[in-house]
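Data first, discussion second: the structure below is written as C-alpha cells.
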Amino acid sequence: MTKKLLIASAGAGKTHRIAEECCQLADDNKRVLVVTYTENNQKEIISKYKSMGIANPSNIIVKGWYTFLLEDLIRPYQATIFAKRIDSINFNSHNPHLRNGRTIPGTAEKIGQQFNPRHFLTACNTKAHTEFLSKLATRVCAVNNNKPIARLESIYQHIFIDEVQDLAGWDFDVLKALARMNTPITCVGDFRQTIYSTTSNPKQPSSNQQKLDAFTRLRFETENMSVSRRCIQTICDFADTIHQGDGYVPTQSLVGVTPVEFQAHQGVFIVPKSRLQEYLETYSPVILRSSVASARELNVTSIKKVNFGISKGLSFDRTLVIPTQNILNFICGNQNAFDGGGTDKAKNTFYVTCTRSRYSLAFLVEDRLVPNCMIQTWA
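Set out below in C-alpha cells:
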C-alpha cells in the first residue's frame, strides 16, 4: 500500500493537488474519500474538483474529521461498546471531565470491565464528546478486531486526509490503524500551520516534530511541496526563518513578474508608528493583529482588519502586522523568541500571518524600537 505524507508550504496549491488527484481517480471509476478538519476546507475542495469538469463526481466523498470518525469508524460497530445509537457529536473547547481544574467523579474510561458512557458521551448517551472521539474510534476498532478498517477498505480505493497538522494525540492512534490498510492513503498538511487542534488532551504527539516523527514511524513516504504560488521570494525567505533549524526545505516562490502597481514597494519592512497614517494612505494594507484589542486606535479606520487565526487560508496583496511581544522580539533578532511556550502555536501563528501577503509584509513598531529591528525600515 502507498502511504504518502505531502508537506505543503503556505500557498503551495495543496487543494488543487488534492482535487486534481481525486478527479483522476474518480474518472478511473475509483471511489475516493477526502477527510479534512475545517468546514471551509471541505467547501474549498468540493468547489475545486467541481471546477475541473469531473465526469464522475459521485465517486468523491468529502467529510470532516469528526464526521468521518463517527460515521465510518464508530457508529457501524458501536453496539459492541454502547447499545444506544450515537446520533451526533458534542463540540468541546476543553476537557469535559474537568471542572475548576478537577476531574469530575464518575468519568473514568471504564467501570469494572465495561466502557463507561460518561467518559465518551454526554448525559443523554446519544452525543459523543469531540475531545474523546478519536479515543472512542480507537477502542471500537480494537474491540472489533479492526473490522471498521476492513469496512473502509471495501468502500474506498484511495483516502486523502488533509490538514493533518491539526491532528494530535489519539488522532494518531486512528492513523496508526488506517496505516495498516491495503488502500492507499495520502496525508496532506503543513505542521508550520498548526494553529487549531482536535483536542486539548496532552497525549502525544502534540508538537510539530513529534507529529513528523510519528509519520516516520508509521512509514509514510514524505514529499515536500516547498513552493509558494502566493508570496514573492523575499517574503518566502523571511517566513522560512521562523522555523529555521526545524528541517523544512526552503520555499521557492513561483510568483512571476510582480504587477506594475506593486513593483515600487515589495518585500518585508518595518513601519515606524509615527508614519502609520502615511503608510496606510499610500498602500492600504490589510491589518493583521492578534485580536480586536490590539492597536484599538486603528478601529476607527476603514482599512480591513483581520485577526491572525482567522487569516489562515486567506491571501492579500499587502499586509501590516501589529506585532505581539514575541513577534517584536523575533524581528529584533531573537531567534528563540517563541521558545518556552509549551507548544508551537505562537510560532505557527506567526508563520501563517507572514504568509498571507503576496507582495509586501510590514510590521508596525514604536519609533524608539525601530533601530533594534533586523528588517529594513520603510523609507
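In this text, residue positions in the sequence shown follow the working numbering: the first is 1, and each later residue adds one. Where is the CB? At the ideal position from N, CA and C, for every residue including glycine.
Buried/exposed call for residue i, threshold 16 Cβ in 10 Å
i	result
Ala391	Residue 391 cannot be examined here, being either before or after the span of the chain that is shown, 1 to 379.
Gln165	buried
Lys43	exposed
Cys231	buried
Thr355	buried
Thr2	exposed
Asn144	buried
Asn41	buried
Thr319	buried
Lys84	exposed
Val286	buried
Asn372	exposed
Lys110	exposed
Ser228	buried
Val249	exposed
Thr80	exposed
Leu167	buried
Arg99	exposed
Asp190	buried
Span separating the alpha-carbon of residue i from that of residue j
i	j	result
Ala337	Ile327	7 Å
Leu178	Lys147	11 Å
Ala346	Leu6	23 Å
Asp344	Asp240	15 Å
Cys124	Pro117	10 Å
Gln335	Thr122	45 Å
Phe262	Thr251	22 Å
Ile61	Asn92	26 Å
Phe350	Phe363	12 Å
Lys30	Lys50	17 Å
Gly101	Met181	40 Å
Thr216	Gly341	25 Å
Ala214	Asn208	10 Å
Ala137	Glu281	54 Å
Gly267	Ile375	10 Å
His94	Asp237	36 Å
Ser206	Leu212	10 Å
Gly11	His97	39 Å
Pro57	Gln193	30 Å
Thr186	Ala150	18 Å
Gly313	Gln114	44 Å
Ser357	Asp246	23 Å
Ser226	Val255	13 Å
Ala264	Asp317	13 Å
Phe68	Lys176	16 Å
Whole-Å CB distance - residue i paired with residue j, under 8 Å assumed
i	j	result
Asp87	Lys127	7 Å
Ile242	Leu361	Incorrect: roughly 12 Å between the Cβ atoms, too far for contact.
Thr353	Ser311	6 Å
Ser284	Ile303	6 Å
Val140	Gln78	6 Å
Lys295	Ile322	The residue asked about is misnamed: residue 295 is Ala in this sequence, not Lys. Right, their Cβ atoms sit about 5 Å apart.
His158	Leu25	5 Å
Thr460	Glu153	Not covered by the structure: residue 460. The range shown for the chain is 1 to 379.
Lys48	His16	6 Å
Nonlocal neighbours in the same chain, by C-beta distance under 7 Å from residue i, ignoring five residues either side
i	result
Arg75	Ile86
Ile18	Val34, Ile45, Phe160, Asp162, Val188
Glu366	Lys273
Ile89	Tyr66, Leu70, Lys127, Ala128, Thr130, Leu133
Gly13	Arg229
Gly309	Ile195, Thr349
Ala108	Asn116, His119
Ala55	Asp27
Check: residue i C-beta below 7 Å from any heavy atom of the ligand GDP
i	result
Gly247	As presented, the structure is devoid of all ligands, the ligand GDP included, so that no description of it is given.
Residues near residue i in its chain [Cβ-Cβ closer than 8 Å; skip 5 each side]
i	result
Arg275	Trp378
Asn299	Val292, Lys305
Leu369	Leu328, Cys332
Glu223	Lys4, Leu5, Leu6, Ile7
Lys203	Ala168, Gly169, Trp170
Sequence-distant residues of its chain with Cβ nearer than 6 Å to residue i (five each side left out)
i	result
Phe132	Phe120
Ser315	Arg230
Gly106	Arg118
Ser290	Phe308, Thr324
Whole beta strand (DSSP E) runs in the stretch 177 to 241 with 3 or more residues, listed along the chain?
185 to 189, 221 to 225
Those runs of the alpha helix (DSSP H) which lie wholly inside the stretch 275 to 355 and span at least 4 residues
276 to 283, 325 to 331, 345 to 354
To test your reading of the DSSP string, which unbroken beta strand (DSSP E) runs of 3 or more residues are found completely within the stretch 57 to 124?
60 to 64, 88 to 90
For a minimum of 4 consecutive residues, which ranges assigned as the alpha helix (DSSP H) are wholly contained in the stretch 130 to 184?
133 to 143, 147 to 155, 171 to 178
Minimum length 3: unbroken beta strand (DSSP E) runs contained in the stretch 1 to 62
3 to 8, 32 to 36
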